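Down below is the structure, laid out as structure tokens.
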């Protein structure tokens with residue numbers, strides 16, 4: 007499986023809430039960083055971040071681009087069940103078919119483009 011396929015598969019498992027299968031794709035030394043979480047480990051990621059998928063109505067990967075250095079830039083849009091829309095970007099490192107690090111960058115709400123506007 008390519009690095010992009012591993013990342014796409016992980017996102018699919020996250021949305022499905024399939025923690026057991028997702029854990030198989032995450033390295034024991036995994037590190038997760040975001041503006042809210044500073045270098046948290048695998049256990050805390052699965053405790054704090056993984057259960058949040060139930061808040062989502064939808065999620066679409068807009069771009070998944072390999073860096074050529076063992077990482078993938080992923081840009082995705084998601085809509086919350088409460089109606090808010092957001093766009094995030096992540097740099098995810100993959101080694102031997104498993105995620106080793108995720109660096110998440112996000113900002114405010116996102117309004118999708120209206121054709122012809």
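Residue numbers (our numbering): 7 to 123.
Beta carbons are placed, not taken as given, at the ideal position from N, Cα and C, and that holds for glycine.
Quantities reported herein were computed from a predicted structural model and do not represent experimental measurements.
Does the separation of the CB atoms of residue 108 and residue 58 fall below 9 angstroms? no
I'd like the span of the beta strand (DSSP E) that includes residue 100, first residue to last. 91-101
Are residue 105 and residue 36 touching if we call contact CB-CB under 9 angstroms? yes
For residue 42, which of helix, strand or coil comes out of DSSP? coil
According to DSSP, residue 83 sits in a beta bridge with which residue or residues? 66 and 93
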